[in-house]
Amino acid sequence: MENAVRKQVLENVVPHDIDPNDPADLDRVHLDSKSYKKGLIKALAYTAIAIFVFFWPLTVGDTTDVPFGHIYKFLLNLTGVYGLYAVTGMTVVNALLSFYGKFASKEGSKLYDYYGHDSIFHPFFYALGAIFTLMYTLDANLAGYSAPHLIVGPETGGTVVPAIVMGVAFIIPVGAMTMPFLLNYGGIDFIGAVLEPLMRPVFKVPGKSAVDALASFVSSSSMAVIITSKLYYSKVYTKREASIICTCFSAVSVGFAVLVIQTAGLGEHFLKVYFSTLVIAFMVTFFMVRIPPLSKKANEFCDGSPQVLSETGEKFHLGLFKRGVHRAAKRAFLAQPLHKEIKASLVDGFLVIPKVLTLLSAVGILGLIIAEHTPIFQWIGMIFVPFINILGVPDAATIAPSLPVGIAEMFLPVLLIADKVDVLSVQSRYFVTAVSMVQIIFFSETIVVMIATRLPVKLKELVICFLERTFIAMPLVAVAMHILF
Numbered sequence: 001m002e003n004a005v006r007k008q009v010l011e012n013v014v015p016h017d018i019d020p021n022d023p024a025d026l027d028r029v030h031l032d033s034k035s036y037k038k039g040l041i042k043a044l045a046y047t048a049i050a051i052f053v054f055f056w057p058l059t060v061g062d063t064t065d066v067p068f069g070h071i072y073k074f075l076l077n078l079t080g081v082y083g084l085y086a087v088t089g090m091t092v093v094n095a096l097l098s099f100y101g102k103f104a105s106k107e108g109s110k111l112y113d114y115y116g117h118d119s120i121f122h123p124f125f126y127a128l129g130a131i132f133t134l135m136y137t138l139d140a141n142l143a144g145y146s147a148p149h150l151i152v153g154p155e156t157g158g159t160v161v162p163a164i165v166m167g168v169a170f171i172i173p174v175g176a177m178t179m180p181f182l183l184n185y186g187g188i189d190f191i192g193a194v195l196e197p198l199m200r201p202v203f204k205v206p207g208k209s210a211v212d213a214l215a216s217f218v219s220s221s222s223m224a225v226i227i228t229s230k231l232y233y234s235k236v237y238t239k240r241e242a243s244i245i246c247t248c249f250s251a252v253s254v255g256f257a258v259l260v261i262q263t264a265g266l267g268e269h270f271l272k273v274y275f276s277t278l279v280i281a282f283m284v285t286f287f288m289v290r291i292p293p294l295s296k297k298a299n300e301f302c303d304g305s306p307q308v309l310s311e312t313g314e315k316f317h318l319g320l321f322k323r324g325v326h327r328a329a330k331r332a333f334l335a336q337p338l339h340k341e342i343k344a345s346l347v348d349g350f351l352v353i354p355k356v357l358t359l360l361s362a363v364g365i366l367g368l369i370i371a372e373h374t375p376i377f378q379w380i381g382m383i384f385v386p387f388i389n390i391l392g393v394p395d396a397a398t399i400a401p402s403l404p405v406g407i408a409e410m411f412l413p414v415l416l417i418a419d420k421v422d423v424l425s426v427q428s429r430y431f432v433t434a435v436s437m438v439q440i441i442f443f444s445e446t447i448v449v450m451i452a453t454r455l456p457v458k459l460k461e462l463v464i465c466f467l468e469r470t471f472i473a474m475p476l477v478a479v480a481m482h483i484l485f
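Using full-length UniProt numbering, you'd call the opening residue of the sequence shown number 1 and step up by one each time.
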């Protein structure tokens, strides 16, 4: 009965060309008081659930995390080795199907639609990821089988598969089930309306992008990238905005930041390190959005349609709160029933899981092999030594290799200095830690998820963005270092 009434209201008062993701279109919708009240109650209820799931710290036993983190980690621990077997099987099947789907399937078939947009190199990376994952699984669980330490050792496969690949395997489906509460029922529309005057002129992105930043800080960088991808393909973000958000706002979570800071021997300075890094990350973003390649990205949506920035020059005023509430109520009323939104979100999530997990294994392990077992990053690090000396950072020659290695895995820079904590100065340890947390872009997770979810950024552009973020961050971190330590 309620759905029938809702359908009648939609037919009578909602224009047929309405796009609920477009703020201007939401402003064109006029609901009667009863429908408005229903929408507002739904927006408040579902947004409250989203805030609890994604942003509310909750202590369970000795662990403090947001409920989202508790849920996916519980499922990860619950499935145990069987979860690893399932993920391994998924990567193997994905690798086999990718060759047929890319090179032999007929145009219009489901396999062609799934793999046809991949590059010719993707199937080979899928195969590599499947081999790496299979080797790790057999080495860990099959008596008498021993895979090469280079691939399955604790510093390579032992880091990527159990922590990153398996973690993301549960982050995506749990995120798919909970994201509709955050994205589809008005909460993000309220935030977008209120923060537009700040985010647009300073960072060249809509106010809604604040949700991505918050999601990455409190849950995971993968979750933030997935949110960005969903909003990009929903025509909420343009190509430029999606590129900026995924390369500048997908920061490491608070929980992971604790691990990084403690590994560097800076646990007693956690608040200083974390919040100074947070400020520096936003300062770096201010510069990043104004230089290529991000500044050269097209300001158009995924279907090529141009963006109309009706609110670009708007300044903050109290009326924005009222507008945000109205948009939230309308968006919640226009949304599909919750079970339909969750179903659609789960379908999207499960479609990207095989590709994301297989690429994470391939690129993550390969990157760590290069970082841990070759002198490449040692050589590249020599380039940074003069710059570090100019900035007045102690132990320049020792910490220099830690800076470029961050592109392989965000945790590697502090791992490289972990055995030198007792001899390195607190200043140099802070410098390495802060720069690594600001770099954001790394192969073992964020780069792979960006590529797998087909965000509008190329691998070359991501490498350039990593280097730009590093060189912009270094003087800013050095200034903070001299002030704080």
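Just so it is clear, CB atoms sit at the ideal spot from N, CA and C, and this is done for glycine as well.
Between which residues of its own chain and residue i is the CB-CB distance below 7 Å, once the five residues before and five after are set aside?
i, result
"GLY158", "VAL152"
"MET283", "LEU476"
"PRO67", "PHE52, VAL53, TRP56, LEU58"
"ALA45", "none"
Return the first residue and the last residue of the alpha helix (DSSP H) that residue i is part of.
i, result
"THR133", "122 to 141"
"TYR145", "Segment: none, TYR145 is in no alpha helix (DSSP H) and carries neither H nor E."
"GLU372", "338 to 373"
"PHE333", "319 to 334"
"HIS482", "459 to 484"
"GLY265", "Counting along the chain, GLY265 falls outside any alpha helix (DSSP H), and DSSP gives it neither H nor E."
"PRO197", "187 to 203"
"THR228", "221 to 233"
"ILE380", "376 to 382"
"ASP113", "110 to 115"
Considering residue i, what are the terminal residues of the beta strand (DSSP E) in which it resides?
i, result
"LEU31", "Where LEU31 is concerned, there is no enclosing beta strand (DSSP E), given that its DSSP letter is neither H nor E."
"THR64", "63 to 65"
What's the C-alpha gap between residue i and residue j?
i, j, result
"TYR145", "LEU366", "21 Å"
"PHE377", "THR453", "28 Å"
"LYS420", "ARG429", "9 Å"
"ALA147", "LEU138", "8 Å"
"LEU182", "GLY267", "32 Å"
"ILE18", "SER295", "30 Å"
"GLY406", "LYS37", "50 Å"
"LEU78", "LYS230", "28 Å"
"TYR185", "LYS34", "17 Å"
"LEU84", "PRO386", "45 Å"
"VAL426", "PHE485", "7 Å"
"PRO20", "LYS204", "22 Å"
"ALA480", "PRO394", "14 Å"
"TYR233", "ILE227", "10 Å"
"HIS482", "LEU391", "10 Å"
"ALA143", "VAL356", "29 Å"
"CYS465", "GLY319", "37 Å"
"CYS246", "SER361", "21 Å"
"LEU128", "THR63", "35 Å"
"HIS30", "MET223", "34 Å"
"PRO401", "ILE380", "7 Å"
"PHE103", "ILE370", "30 Å"
"MET382", "ASN389", "12 Å"
Taking 8 Å as the CB-CB limit, is residue i close to chain C?
i, result
"PHE74", "Structure shown: chain C not included; a single protein chain is present."
Is DSSP giving residue i helix, strand or coil here?
i, result
"VAL60", "strand"
"GLU155", "coil"
"GLU300", "strand"
"PRO292", "coil"
"PRO306", "strand"
"GLY69", "helix"
"GLU311", "Caution is warranted here: a pLDDT of 48 is assigned to GLU311, below 50, making its placement in the model unreliable, and the coordinate value is therefore given only provisionally. Looking at GLU311 - three-state DSSP - the assignment turns out to be coil, as it is neither helix nor strand."
"THR453", "coil"
"SER425", "coil"
"LYS239", "helix"
"VAL393", "coil"
"PRO162", "helix"
"PHE275", "helix"
"GLU445", "helix"
"VAL92", "helix"
"MET410", "coil"
"PRO173", "helix"
"VAL252", "coil"
"GLY207", "coil"
For residue i, which residues from the same chain have a beta carbon less than 6 Å from its beta carbon, with the 5 sequence-adjacent residues on both sides left out?
i, result
"SER98", "TYR115, PRO123, TYR126"
"ALA329", "TYR36, GLY39, LEU40, ALA43"
"PHE270", "ILE261"
Kindly list the residues whose CB is nearer than 8 Å to the CB of residue i, restricted to its own chain and excluding five residues on each side of it in sequence; keep chain order.
i, result
"SER276", "ALA434, ALA480, LEU484"
May I ask you to verify whether the stretch 253 to 267 touches the stretch 464 to 482, counting CB pairs closer than 8 Å and requiring at least 3? Remark: fewer than three beta-carbon pairs, one from each stretch, lie closer than 8 Å, so the stretch 253 to 267 and the stretch 464 to 482 are not flagged as touching.
Touching or not, the stretch 165 to 182 and the stretch 105 to 116, by the rule of three or more beta carbon pairs under 8 Å? Contact between the stretch 165 to 182 and the stretch 105 to 116 is not established, with fewer than three Cβ pairs separated by less than 8 Å.
If we count Cβ pairs, one from each stretch, closer than 8 Å, do we get three or more for the stretch 330 to 347 versus the stretch 179 to 193? Under the three-pair Cβ rule at 8 Å, the stretch 330 to 347 counts as touching the stretch 179 to 193.
Do three or more CB pairs link the stretch 410 to 425 to the stretch 452 to 469 at distances below 8 Å? Between the stretch 410 to 425 and the stretch 452 to 469, the count of C-beta pairs closer than 8 Å stays below three; the two stretches do not touch.
Below 8 Å, how does it come out for the stretch 436 to 446 and the stretch 458 to 473: are there three or more Cβ pairs, yes or no? Output reads yes: the stretch 458 to 473 touches the stretch 436 to 446.
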